[in-house]
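The first sequence runs contiguously to residue 572 in the working numbering.
Working notes for the structure below.
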Amino acid sequence: MSLASDLAALFHTAAAVFEIKGEPVFKAIAFSKIARILEDTTVDLRRAVEDGSIAKMEGVGKSSRKIIEDFVRTGRSPDMDELIASIPGGLLPLRNIPSLGPKTIGLFWKERGITSMGELVAALDAGKLDGLKGIGPKKLQSIKEGIAMIEQAGGRRGLVDVLPIALRLVEQVRALPGVKQAEYAGSLRRWQETIGDVDIVAGVDNSAKGEALTKAFTEFSIVEKVLGQGDTKASVLVESGLQVDLRIVPNDHFGAALQYFTGSKEHNVKLRGLCLDQEMTLNEWGLYKLSEYDKAKKVTGKPPAVPAVASKTETDVYKALGLQFIPPELRQGKDEIELAANKKLPKLIEVKDLRGDLHTHTTASDGTASIEEMAEAAKALGYEFLAITDHSKSQVIANGLSKERLLKHVAAIRKASDKIKGITLLAGSEVDILVDGRLDFEDEVLAELDIVVASPHASLKQDEKTATDRILRAIDNRYVTLIGHPTGRLINKRAGLPLDINAVIARAKQNGVALEINSGWPRLDLRDSHARAALAEGVMLSINTDAHSIDGLGERYLGIGVARRAGAEAKSVINCMSLSELRAFIAKRR
DNA sequence: GCCGTTTTCGGCCCGACTGTTTTCAGTCG
């Protein structure tokens, strides 16, 4: 764990402590915001503390500045220690129980002395929590069910697991009577790598009956448990405990609802701040003039009885606020609203911009398809070039190629390239970056290749200095075109190398080396924030699938999603170059 | 706790649903 993520965890904890203690909610909001910023940041905190720029970080005021400074310098913060020690530590995990919030946790603690999960379970069983003000039998029952739920379901799920379920449900919702359109929203639409739950928004015509629709939704065969159901909203659990929420709005309000439920929360908070500046208000029903909205009659589950400034489409909403349409991937609450106001949003890269894949495997190492099969599949995707980059000799487990086998393979790739019309094959290798940063082949072998992808595979638990020096040394090799999956992380499985990413980016820039966004699940490495930092420094990216099969080539959409979240344009990605431009890029530093 | 082109105090995004209540608090997204 890095310094920034350790600190982020600390601020998250502190926010929870504020909530449980019943402090003014804005204290918790302020600290949560700092935590999220720290999670994302690539700023070097040590440097920021030294030069004082830490105070310029958004949301960081006097109190949190001191906390960060203390923590960076000494590894702890007395202020935080004192705050966190002010409530029993066992209360914090209770926050994860659905339907049990901080107020109730605080109530149980103060009124019944509950200080841990074990005590809570025992108290529930013994009936000790009966008779508290505002807590009835149903509430206690839902807390019991919540505890059972977290015991069986585990946290956030991967994008690739959730996407097919969401697509299937959206199709089913579209087929319901009166539904004119439906889309998934939320973190899935923003293309986050992990998803908490799925939000689906449906626009309906006048013939639709809200309650009948939400009822039909709760009766889909995939649904395992109904959490709630009203006229305009229903929440269910589907397989493996994934929560899916459906929101129903009149079709004229679909755009506003889609915008609202796509989030992110931070984006929407900023957007609504902008609305207030323009004397308007934005909610799931639409954008309204404040003067009219305040006077309008409001009925729960129905749009306010006043014409909206905008509501039909998301584009309408953004346009009415003087903004360019902001693609969902960019709605992160960073600088996207300012960019949209100044008409400076990047023209985000799309799948169709890719002209080739530069990191793929064949049966020569651990792939399942031949050179020819991969070439034909790449051609079918409309590619102009494909690099075959099988493993190097240290990857014994992946049948890595010896020098002799590699040179034969190179000849076979060149021969296939001549034979197959309409696509050019580049003969390459995914060369292991060894523990000390040396490469797995000698320079004179690498010189025989059209392209070299250098990647770390083993020893991924090095400390920051060792790991960073290792990657820097690889970047310094004149034959290296790009660094493959630079950190080696696996989502939800392995943290990967704790790189000083700014140092890696700076060296890549200096040497004209590209950094990969590996599209393979669960890699997605570089991650979005790292790719964003690389772009800010003008480093070229390369989006590759690391395909080990024909189907693997199709996973490019995942890498594109990461690149879009980073704000990448096609011009910053070497896969979007023409073949001659790409060859020039490779040749430039040799 | 943070912040400022209405600024150093007073506001901080908004609504649905549930369960507990007779008008609202808590939770969630």
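Backbone N, C-alpha and C define an ideal beta-carbon position, used for all residues, glycine too.
Subject >> Cβ-Cβ distance between Ile319 and Leu253 below 8 Å >> reply: yes
Original post:
Which residues mark the beginning and the end of the alpha helix (DSSP H) in which Val10 is found?
Top reply: Correcting the residue identity first, residue 10 is Ala in this sequence and not Val. 7 to 22 is the span of the alpha helix (DSSP H), which, as asked, contains Ala10.
Subject >> Distance between Leu258 and Glu64 (C-alpha atoms, nearest Å) >> reply: 38 Å
Original post:
From the DSSP output, which residues share a beta bridge with Ile177?
Top reply: Per DSSP, Arg139.
Subject >> Proximity winner among Gln225, Thr214, Ile117, relative to Ile132 (alpha-carbon distances) >> reply: Gln225
Subject >> Boundaries (first-last residue) of the alpha helix (DSSP H) holding Tyr365 >> reply: Unbroken run through Tyr365: none, as it is neither H nor E.
Subject >> Beta-carbon proximity list for Ser217, same chain, < 6 Å, skipping 5 on both sides >> reply: For Ser217, where only same-chain residues beyond five positions count, the Cβ hits under 6 Å are Leu209, Gly210, Asp227.
Original post:
Taking C-alpha atoms, which residue in Ile2, Ala(-4), Leu564 lies nearest to Pro60?
Top reply: Ala(-4)
**OP:** List the DSSP bridge partners of Asp339.
**Re:** Leu368
Original post:
With C-beta atoms as the reference, is Ile465 less than 8 Å away from Ala429?
Top reply: no
Original post:
Would you say Asn493 and Asp458 are within 8 Å of each other, going by their C-beta atoms?
Top reply: yes
Original post:
Apart from the five residues on each side of it in sequence, which residues of its chain come closer than 7 Å, Cβ to Cβ, to Leu272?
Top reply: Glu261, Met262, Thr263
Original post:
What residues in its chain sit with their C-beta under 8 Å from that of Glu366, if we drop five residues either side in the sequence?
Top reply: Answer for Glu366: Arg337, Gly338, Ile405, Thr406, Ser560, Leu561, listed in chain order.
**OP:** Report buried or exposed for Leu327, applying the criterion of at least 16 other Cβ atoms within 10 angstroms of its Cβ.
**Re:** buried
Original post:
What whole-angstrom Cβ distance do Trp503 and Val142 have, given they're in contact under 8 Å?
Top reply: Right, their Cβ atoms sit about 5 Å apart.
**OP:** Have a look at the DSSP bridge pairing and note the partners of Leu263.
**Re:** At residue 263 the sequence reads Thr, which differs from the Leu that was named. Answer by DSSP bridge pairing, in chain order: Tyr270.
Subject >> As assigned by DSSP and simplified to three states, the class of Lys334 >> reply: helix
Subject >> Cβ shell of Glu537 (< 8 Å), same chain only, five flanking positions each side left out >> reply: Sequence-distant Cβ neighbours of Glu537 in its own chain, meaning closer than 8 Å and more than five residues away, are Ser501, Gly502, Trp503, Thr527, Ala529.
Subject >> Straight-line gap, Glu5 to Leu535 (C-alpha atoms, nearest Å) >> reply: Going from the Cα of Glu5 to the Cα of Leu535 covers about 52 Å.
Original post:
Is Asn78 helix, strand or coil by DSSP?
Top reply: helix
**OP:** Measure the Cβ-Cβ separation of Val544 and Ile499 and say whether it is below 8 Å.
**Re:** yes
**OP:** Assign Gln314 to one of two classes, buried (16 or more other C-beta atoms within 10 Å of its C-beta) or exposed (fewer than that).
**Re:** buried
Subject >> Where Thr350 falls: helix, strand or coil (DSSP) >> reply: Looking at Thr350 - three-state DSSP - the assignment turns out to be coil, as it is neither helix nor strand.
**OP:** For Phe(-7), count neighbouring Cβ atoms within 10 angstroms of its own Cβ and tell me buried if that reaches 16, exposed if not.
**Re:** The residue is buried, with at least 16 neighbouring Cβ atoms inside 10 Å.
Original post:
Thr450 lies in the alpha helix (DSSP H); which residues open and close that run?
Top reply: 446 to 458
Original post:
Got a sec? Which residues, its chain only, sit under 7 Å from Thr350 by beta carbon, not counting five neighbours each side?
Top reply: His530, Ser531
Original post:
Rounded to a whole number of angstroms, what is the C-alpha to C-alpha distance between Thr471 and Ala515?
Top reply: According to the sequence shown, residue 471 is Arg rather than Thr. Roughly 17 Å separates the two Cα atoms.
Subject >> Length of the line joining the Cα atoms of Gly364 and Arg29 >> reply: 46 Å
**OP:** Alpha carbon to alpha carbon, how far is Gly382 from Gly410? Give it in angstroms, no decimals.
**Re:** 13 Å
**OP:** Identify which residue in Leu340, Ala362, Val392, Val413 has its Cα closest to the Cα of His373.
**Re:** Out of Leu340, Ala362, Val392, Val413, Val413 has the C-alpha closest to the C-alpha of His373.
Subject >> Segment contact, 8 Å Cβ cut-off, at least three pairs: the region 93 to 113 with the region 63 to 79 >> reply: Contact holds: three or more Cβ-Cβ distances are below 8 Å.
Subject >> Straight-line gap, Ser246 to Asp317 (C-alpha atoms, nearest Å) >> reply: Straight across, the Cα-Cα distance linking Ser246 with Asp317 is about 13 Å.
Original post:
Which residue from Glu175, Gly268, Thr282, Gly520 puts its Cα closest to that of Glu551?
Top reply: Gly520
Subject >> Tyr461 in three-state terms, based on DSSP >> reply: coil
Original post:
What are the start and end residues of each continuous alpha helix (DSSP H) run of 4 or more residues lying completely inside the region 514 to 550, in chain order?
Top reply: 538 to 547
**OP:** Excluding the 5 residues preceding and the 5 following Asp52 in the sequence, name in chain order all residues of the same chain whose CB lies nearer than 6 Å to its CB.
**Re:** Ser59
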